[in-house]
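Structure record follows, encoded as structure tokens.
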Amino acid sequence: MAAERLALAGVSVDLFDAMASVGRKFLLAGKGGLNLTHSEDRPRFDERYFERQAGVAPWLDRFDGEALRRWAADLGVETFVGTSGRVFPKDLKAAPLLRAWLHRLRGQGVRLHMRHRWLGWTEEGGCRFQGPEGETVWTGQAVVLALGGASWPQLGSDGRWVPMLEAAGAEVRALRPSNCGFDLGVRREGESAPGWTPFFVEKFAGQPLKSVALSVKAPDGRQFSRQGEFVVTASGIEGSLVYAASALIREVIEAQGEALVHLDLFPGREANWVAEQVAYPRGSRSMSSHLKSRLNLDGVKAALLHEVLDKAQYSDAATLARTLKALPLRLAAPRPVAEVISTAGGVRLESLDEHLMLKNRPGVFVAGEMLDWEAPTGGYLLTASMASGLVAGEGAAAWSAKRAT
Numbered sequence: 077m078a079a080e081r082l083a084l085a086g087v088s089v090d091l092f093d094a095m096a097s098v099g100r101k102f103l104l105a106g107k108g109g110l111n112l113t114h115s116e117d118r119p120r121f122d123e124r125y126f127e128r129q130a131g132v133a134p135w136l137d138r139f140d141g142e143a144l145r146r147w148a149a150d151l152g153v154e155t156f157v158g159t160s161g162r163v164f165p166k167d168l169k170a171a172p173l174l175r176a177w178l179h180r181l182r183g184q185g186v187r188l189h190m191r192h193r194w195l196g197w198t199e200e201g202g203c204r205f206q207g208p209e210g211e212t213v214w215t216g217q218a219v220v221l222a223l224g225g226a227s228w229p230q231l232g233s234d235g236r237w238v239p240m241l242e243a244a245g246a247e248v249r250a251l252r253p254s255n256c257g258f259d260l261g262v263r264r265e266g267e268s269a270p271g272w273t274p275f276f277v278e279k280f281a282g283q284p285l286k287s288v289a290l291s292v293k294a295p296d297g298r299q300f301s302r303q304g305e306f307v308v309t310a311s312g313i314e315g316s317l318v319y320a321a322s323a324l325i326r327e328v329i330e331a332q333g334e335a336l337v338h339l340d341l342f343p344g345r346e347a348n349w350v351a352e353q354v355a356y357p358r359g360s361r362s363m364s365s366h367l368k369s370r371l372n373l374d375g376v377k378a379a380l381l382h383e384v385l386d387k388a389q390y391s392d393a394a395t396l397a398r399t400l401k402a403l404p405l406r407l408a409a410p411r412p413v414a415e416v417i418s419t420a421g422g423v424r425l426e427s428l429d430e431h432l433m434l435k436n437r438p439g440v441f442v443a444g445e446m447l448d449w450e451a452p453t454g455g456y457l458l459t460a461s462m463a464s465g466l467v468a469g470e471g472a473a474a475w476s477a478k479r480a481t
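Taken in order, the sequence shown gives residues 77 to 481; the numbers are from the numbering used here.
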């Protein structure tokens, strides 16, 4: 996006990529249908960027979700709004959009250099690259860095740039997992062994938990509560509902060492109704048979009760009913940053001017996920990444024009 805006301004552009082809992460996003943006109106859209919404809003003023849809249409790709409000290409594929985009960039004169990894700067200010022919140096009037965060490093975004930007005077927050799953801590109060029981892992790892609500509360009073679904993993939990809560869960773990979340296994039912069904006389039936009969509770949801309750608690109707509406899970750590969807942290916006140029390194602009912001899945990540690219590209074009006069 930065290259496109520079080319439109009549600037000569060389685009370097460490990988063998551009847009590897863009294509990966397309495997799930390429959720380009969201149809949500502003300012609600802006709120998805949490503490950085004020910083991201000016980018969206230049290029928001509707602008992104028009941009895709100009490339011959029609989009539609799904039932969740998310926006997708009509064919749900990333490759046709990327091909059309690259064709247009080449037509605008943008020169692509593949397998060129950025190594930092020379003492004279040139950009060092490790390329197919060895190390080379390129010098331009302006540089836009869009090096990604640290998730999916096999696709190029490995976070190696952090010490280079710090050495250039940028303030960089540590890159942390975002939109991620979590590993389980101890299951019950007083226990020391973390994680699921071996039986639960063997029987239920990989199975979805549908129609549940997840809630978590931070020490400062902020809270998350939403209905959805997620997946049980061998070490914990992951999936869309968990990703939506991941920023707050991560912060609670950082502050307290663990995060206590609660699951409502019957979000459509009042607690009193659940308690009545559990307390209904069961005669000679086992508790599991009783719960199956009265609540249609079985499978992974039923097994979760045995993971968090001991035998005496499971036999107590009042405790059991409370747990069905607020099943506690202790989460100890997010999954490793290399395997998560996106990262939080990066170059702090306070290190940049309004054009996303480094205050301590004039002529160097920064865009995308390497900036210090995060957002949930739903199209917000791609929209802000592309919007920041546009802002940085326009800023670099204006800087180049000023230097040329």
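Built from N, CA and C at the ideal position, the CB exists for glycine as well.
My understanding is that residue i touches residue j, with C-beta atoms under 8 angstroms, so please give their C-beta distance in whole angstroms.
{"i": "S418", "j": "S227", "result": "6 angstroms"}
{"i": "V219", "j": "T198", "result": "Going by Cβ atoms, the distance from V219 to T198 rounds to 12 angstroms, so no, they are not a contact pair."}
{"i": "S291", "j": "H338", "result": "5 angstroms"}
{"i": "G312", "j": "G232", "result": "Wrong, their Cβ atoms sit about 28 angstroms apart, outside the cutoff."}
{"i": "K101", "j": "G224", "result": "7 angstroms"}
{"i": "R326", "j": "P410", "result": "5 angstroms"}
Relative to the C-alpha of residue i, which residue among the options is closest?
{"i": "Y390", "options": "N372, H366, V262 and A409", "result": "H366"}
{"i": "G375", "options": "A451, E450, A170 and F280", "result": "F280"}
{"i": "Q184", "options": "D90, L385 and E123", "result": "D90"}
{"i": "L173", "options": "E127, V157, T159 and W147", "result": "W147"}
{"i": "Y125", "options": "P119, A480, E450 and E470", "result": "E450"}
{"i": "A393", "options": "F102, S364 and A250", "result": "S364"}
{"i": "G465", "options": "R236, G454 and V440", "result": "V440"}
{"i": "A79", "options": "K101, V163 and L178", "result": "L178"}
{"i": "L373", "options": "G261, L396 and P270", "result": "L396"}
{"i": "E202", "options": "D448, R437 and G469", "result": "The question names Glu, yet the displayed sequence has Gly at residue 202. It is R437 whose Cα lies nearest to the Cα of G202."}
{"i": "P357", "options": "S369, T399 and S254", "result": "S369"}
{"i": "E330", "options": "K478, R252 and Y319", "result": "R252"}
Using 9 angstroms as the threshold, is the C-beta distance between residue i and residue j below it?
{"i": "V467", "j": "A246", "result": "no"}
{"i": "V328", "j": "G315", "result": "no"}
{"i": "D140", "j": "F121", "result": "yes"}
{"i": "G109", "j": "L151", "result": "no"}
{"i": "W272", "j": "E415", "result": "no"}
{"i": "A420", "j": "A323", "result": "yes"}
{"i": "F205", "j": "L195", "result": "yes"}
{"i": "P295", "j": "Q332", "result": "yes"}
{"i": "H189", "j": "F92", "result": "yes"}
{"i": "S476", "j": "V238", "result": "no"}
{"i": "K377", "j": "L405", "result": "no"}
{"i": "E334", "j": "L317", "result": "no"}
Can you tell me where the beta strand (DSSP E) with residue i in it begins and where it stops?
{"i": "W214", "result": "G210 to W214"}
{"i": "Q303", "result": "Q299 to V308"}
{"i": "T395", "result": "Premise fails: T395 lies in the alpha helix (DSSP H), A393 to K401, not in any beta strand (DSSP E)."}
{"i": "I325", "result": "Where I325 is concerned, there is no enclosing beta strand (DSSP E), although the alpha helix (DSSP H) it sits in stretches over S316 to Q332."}
{"i": "S418", "result": "S418 to V423"}
{"i": "F92", "result": "D90 to F92"}
What residue range is occupied by the uninterrupted alpha helix (DSSP H) comprising residue i?
{"i": "V376", "result": "G375 to V384"}
{"i": "S428", "result": "In the sequence on display, residue 428 carries Leu and not Ser. Careful: L428 lies outside any alpha helix (DSSP H) and carries neither H nor E."}
{"i": "L339", "result": "No alpha helix (DSSP H) contains L339, which is instead part of the beta strand (DSSP E) from A335 to D340."}
{"i": "V98", "result": "That residue, V98, is in no alpha helix (DSSP H); it is neither H nor E in DSSP."}
{"i": "R81", "result": "A78 to L84"}
{"i": "R370", "result": "M363 to L371"}
{"i": "N111", "result": "N111 -> no alpha helix (DSSP H), and no H or E assigned at all."}
{"i": "E352", "result": "A347 to A355"}
Notebook entry, point to check: Which residue spans inside the stretch 176-252 form an unbroken beta strand (DSSP E) run of at least 3?
Noted result: Counting whole runs of 3 or more residues, the stretch 176-252 contains the beta strand (DSSP E) stretches 187-189, 193-197, 203-207, 210-214 and 219-221.
Enumerate, from N- to C-terminal direction, the unbroken beta strand (DSSP E) stretches of 3 or more residues contained entirely within the stretch 431-463. Listed in chain order, they are 440-442.
* Taking the runs of the beta strand (DSSP E) that are 3 residues or longer, which of them lie wholly in the stretch 256-289? -> Entirely contained in the stretch 256-289, the beta strand (DSSP E) runs reaching 3 residues are, in chain order, 258-260.
In chain order, each beta strand (DSSP E) run of at least 3 residues that lies wholly inside the stretch 115-171:
Inside the stretch 115-171, DSSP marks whole beta strand (DSSP E) runs of 3 or more residues at positions 155-157 and 162-165, from first to last along the chain.
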